[in-house]
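The sequence shown begins at 11 in the working numbering and counts up by one. These notes are about the structure you will find just below.
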Amino acid sequence: MKCAMLILLGSALLAAQQTAPVTLFEAGTHGYRGYRIPALVMSSKGTLLAFCAARKELGDWADIDIAMRRSTDGGKTWSPMKIIADRATMTVDNPTPIVDRKTGAIHFVYQVNYAQLFYMRSDDDGLTFSEPVDITDAAHDYRRGWAPEKSDSKYGWSVIAPGPGHGIQLASGRLVVPVWLSPHYRHRPSVTSTIYSDDHGKTWKAGALIPQDTVDPLVNPSEHALLELADGRVMTNLRNEGKERRRGVSISPDGISGWAVPRRDEGLFEAVCMASLVRVGNRFIYASPAALPRNDLTVRVSLDEGRTWAHSRLLLAGPTGYSDMATGSDGAIYVLYEQVDPSSPGGRKQNLVLTRITAEWVMEGGGGRASIY
11 MKCAMLILLG SALLAAQQTA PVTLFEAGTH GYRGYRIPAL VMSSKGTLLA
61 FCAARKELGD WADIDIAMRR STDGGKTWSP MKIIADRATM TVDNPTPIVD
111 RKTGAIHFVY QVNYAQLFYM RSDDDGLTFS EPVDITDAAH DYRRGWAPEK
161 SDSKYGWSVI APGPGHGIQL ASGRLVVPVW LSPHYRHRPS VTSTIYSDDH
211 GKTWKAGALI PQDTVDPLVN PSEHALLELA DGRVMTNLRN EGKERRRGVS
261 ISPDGISGWA VPRRDEGLFE AVCMASLVRV GNRFIYASPA ALPRNDLTVR
311 VSLDEGRTWA HSRLLLAGPT GYSDMATGSD GAIYVLYEQV DPSSPGGRKQ
361 NLVLTRITAE WVMEGGGGRA SIY
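Right under this line is the structure:
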């Protein structure tokens, strides 16, 4: 009898590792041609908040709003889609939520027309948000040459964008948001940095620019994902357009200054795409396309804080794109990712799909896909 119960328990645990994908944002609905740029967090109370760019046209510089859905039951059911940021026909994009574990708030940073940064806050798990506050002055710090301590941060940007994907809160309480900047009213050339708040979102400041190797630099580093290491240092994982097709990695003592010259991670293929990064206990979880052009969304697990990536598993075969992840207190990993319908003209039908996996599921390997609910 005891043996049978253990077998049933084991089967239940294994089933819980895999859940069937659910389309949260479907192209062609609610007056939007497509949905891109996922951002995902789980609140201190266990509410999942899924954000994205709702695009009336599919380009990056278009009429774009920010949409959101909520789930209070671990992703089984979801609230109707709600637009939380809209500026007429302007580009409103790069949703970047941060969970404040000390206050319970959800902080939210985004950009308008790649020229302004705005901040909102929710104190009720995303049911409502405060009125937007323009925090672009923090980004003007780059033009003024302000820098923490001895780091050089002077940069005459014309384009700035946060995230996308979630920002992080350090053990100290500091909120840190990845940003990238460009001087030429377009995506390239680009540099990277962070903005941060030490007072739970009341004020924001610019961190130092992440330096480049003078001999062999990354090519147009831009979107990057942050994670705090066990010793309090902060690692960032950078998009890199270099022909070697490898991600860039840099480490800072505090997330805002003293960034090391980025090295290339030979274990992480670069499809010139945003990637996502979270921690589950002592395991780092990484997700991004593993083939060109942005194909085969693959999840990887590191057991040594990103030094090596010992385990991987295919999550989605075929066309994909950006992703973001959030973790539950039970070790569940929720992945919100772009899925491109290859049967649509030019593969232009862009949906956002959610699935739930575990680190154990990834470590089992053997290929295949996550299933769910």
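All C-beta atoms in this analysis are idealised placements derived from N, C-alpha and C, irrespective of residue type, glycine included.
Shown here for T57: same chain residues with a beta carbon closer than 8 Å to its own, the five before and five after excluded, namely R80, S81, T82, D135, G136 in chain order. Per the coordinates, the alpha-carbon of D96 lies some 42 Å from the alpha-carbon of A320. For the pair W214 and V201, the CB atoms are not nearer than the 8 Å cut-off. According to the DSSP assignment, V122 belongs to the beta strand (DSSP E) that extends over 116 to 122. Around the beta carbon of P188, 16 or more other beta carbons lie within 10 angstroms, which makes this residue buried. The C-beta distance from D223 to V271 rounds to 5 Å, short enough to meet the 8 Å contact threshold. As computed with DSSP, V259 is found in a beta bridge with N247, R273.
In the three-state reduction of the DSSP assignment, H321 falls in the strand class. Distance check between D241 and each of R249, A98, P221, G265 places G265 closest, using alpha-carbon atoms only. Residue pairing from DSSP places E238 in a beta bridge opposite V244. In this structure, N230 and E254 do not form a Cβ contact; the two beta carbons are roughly 14 Å apart against a cut-off of 8 Å.
In this chain, the beta strand (DSSP E) harbouring W190 covers 185 to 192. Exclusion of the five residues before and after K92 leaves M78 as the residues of its chain whose Cβ lies within less than 6 Å of its Cβ.
A direct Cα-Cα distance of roughly 26 Å separates A148 from V288. Under the three-state reduction of DSSP, D144 is assigned to strand.
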